[in-house]
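The numbers in the sequence shown follow the working numbering, run straight up by one, and end at 379. Beta carbons are placed, not taken as given, at the ideal position from N, Cα and C, and that holds for glycine. I have placed the structure first, in the form of structure tokens, so that the comments after it can refer back to it.
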Amino acid sequence: MVRRTLHTKLCDMLGIEYPIICAGMGPTLIGETTGAPVELVVAVSEAGGLGVLGGSGFTVEKLQEAIREIKAKTKKPFGVDLLLPQKLDLGGGLGQKGLKELPLSMMLKSLPKPHQDWIKKVKEELQLPDVEIVVKMDTTTMRPQEAVQVCIEERVPLFCAGLGNPGFMVAQAHAVGMKVLGITGNAKNARRMAQSGIDLLVAQGYEGGGHTGRIGTMALLPQAIDAAYPVPVLAAGGIGDGRGLAAALAMGCIGAWVGTRFLATNEAGALPVNKNRIIDSTDEDTRVSKAYTGKTLRASYNRFHDLWDGSGLEPLPFPTQVLVSSALLHSFINGEKDDYVGGLAGQVSGLIKGIKPAQQVLEEMVEEAVEILTHRLPESVIAK
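As structure tokens, then:
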């Protein structure tokens, strides 16, 4: 098959063939395999897009090892996505510097008593097994400044901030030839991030999986493009095939940031139950909740959402709420309570009907977008 050509400014900026970036998806819970591991990053970059490592679940040391592994497996450009929270609140002094790991059971004792009691009640009522998880305290999320320095030292081609404004490290990144990308869910933050000096901005609509805002993609994109000008914008949220990619380009974006579609691939690190939940979903089978992290987050609907909604509890600050969700989700998984398990996923899940190689996903997306832009659209629209 002749390779199609789909070229935008994004391709020139990053040295890639197609204007598609695989979102840097991280784990849903403590101890889970990251959604965008080395294998997925390499597969997308080798196929002509740009793969992004979801670095939030790594320790700082393991992040550096993963970056070097990617470099050993591909000479193509790639990215790393980190969370840069403005403040970390673990309570009880658990986030103090120098502490490398703690048992999750010990960390749970620092939670408010109503949350401890609720976890105990759920485990008793559902007869869930006790699962001991060691929580790494030197992850990139807990040590964001150190993680950023690793990316700069390794000269990662594209640094992506999945949460927070990366403007503080732009000068250092540019000094070593890196590009910097920020992600926003509204026009106000689009303007602020653009003014901070970043090179690229992702505008993610409410439809998207993971941490998400309140504005739908079609309403957000033109407003974000105007607010961020002249910083170019990529579209995210609800893009899972060539139709979505073509629409994003028509809106004035220079490419797409695609998450959920790449989670349902052979190379993605999501749990099998989470992949299957995506391909079994309809367009209404995701929920936005603070149950997982304390921030609004879209995931595949499962009965954990109902448990949390009925708890009467207020979510704890990020990332403390992750302790609550992880304590139960690991027990659900080990107790084979699949009805209570679901990973990050967007509303585009309803479009996804099978798990494929990442290369095939990317090539089909490009093929369909090119067909729409060169044949279907000109034939179906009369413009004078």
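Mind checking who residue i pairs with in its DSSP beta bridge?
i      : result
Thr260 : Lys351
Thr54  : Thr134
Trp252 : Ile16
Phe299 : Looking at the DSSP assignment, Phe299 forms no beta bridge with any residue, so it has no partner.
Gln342 : Note: Gln342 sits in no beta bridge, so no partner.
Leu78  : Leu158
Leu153 : Gly74 and Lys174
Glu386 : Here the chain has residues from -4 to 379 only, and residue 386 is not among them.
His206 : Leu292
Val228 : Leu196
Thr0   : Thr0 pairs with nothing; no bridge assigned.
Thr179 : Ala198
DSSP state of residue i, grouped into three classes?
i      : result
Gln111 : helix
Glu34  : helix
Lys270 : helix
Phe313 : coil
Val336 : coil
Asp7   : helix
Glu120 : helix
Leu45  : strand
Ala198 : strand
Gly239 : helix
Leu318 : helix
Thr29  : coil
Arg282 : strand
Gly87  : Reliability of the predicted coordinates at Gly87 is poor, the pLDDT of 49 falling under 50, and no value is obtained from them.
Thr212 : helix
Thr369 : helix
Met246 : coil
Asp389 : Outside the displayed range of the chain (-4 to 379) lies residue 389, so it cannot be described from this structure.
Ala189 : helix
Glu331 : coil
Lys68  : helix
Whole angstroms is fine: what's the gap from residue i's alpha carbon to residue j's?
i      : j      : result
Pro456 : Gln122 : Nothing about residue 456 can be read from this structure; the chain reaches only from -4 to 379.
Asn405 : Gly337 : There is no way to answer for residue 405, as the model of the chain reaches only from -4 to 379.
Ala353 : Thr260 : 6 Å
Gly87  : Thr3   : Confidence is the limiting factor: at Gly87 the pLDDT is only 49, short of 50, which leaves the residue's position unreliable and the question unanswerable from this model.
Lys57  : Ala378 : 54 Å
Leu97  : Gly44  : 38 Å
Ala142 : Phe154 : 11 Å
Lys131 : His300 : 26 Å
Glu119 : Gly52  : 29 Å
Ile62  : Arg138 : 17 Å
Leu77  : Ser375 : 42 Å
Ala286 : Arg371 : 43 Å
Met188 : Ala168 : 15 Å
Ser105 : Ile114 : 13 Å
So, at 6 Å on beta carbons, what are the nonlocal neighbours of residue i in its own chain, with the 5 sequence-adjacent residues on each side left out?
i      : result
Thr288 : Phe313, Gln316 and Val317
Thr134 : Thr54
Ala219 : Ala182, Ala185, Ala198 and Val228
Cys248 : Val228, Leu229 and Ala230
Glu262 : Glu34, Leu35, Ala38 and Ala353
Leu216 : Ala198, Ala230 and Met246
Thr212 : Gly200, Glu202, Gly232 and Gly233
Leu5   : Pro14, Ile249 and Gly250
Excluding sequence positions up to five away, which residues of its chain have a Cβ less than 7 Å from the Cβ of residue i?
i      : result
Glu363 : Asp236, Gly237 and Arg238
Ile273 : Thr255, Leu258, Ala259, Ser295, Ala340, Ser344 and Ile347
Gly349 : Ile274
Lys290 : His206 and Phe313
Ala42  : Ala353, Gln354, Leu357 and Glu358
Which whole-angstrom value describes the C-beta separation of residue i and residue j, a residue pair presumed to lie in contact below a C-beta threshold of 8 Å?
i      : j      : result
Arg150 : Gly177 : Incorrect: roughly 19 Å between the Cβ atoms, too far for contact.
Gly46  : Gly30  : Actually they are not in contact, since the Cβ atoms of Gly46 and Gly30 sit about 12 Å apart, beyond 8 Å.
Val175 : Ile193 : 5 Å
Any heavy atom of the ligand SAH inside 7 Å of the beta-carbon of residue i?
i     : result
Ile62 : Absence of the ligand SAH is noted for the structure shown, with no ligands found whatsoever.
Give every residue of the same chain whose Cβ lies closer than 8 Å to the Cβ of residue i, excluding the five residues on either side of it in the sequence, and list them in chain order.
i      : result
Ile367 : Gly237, Arg238 and Ala241
Val117 : Leu123, Leu302 and Leu323
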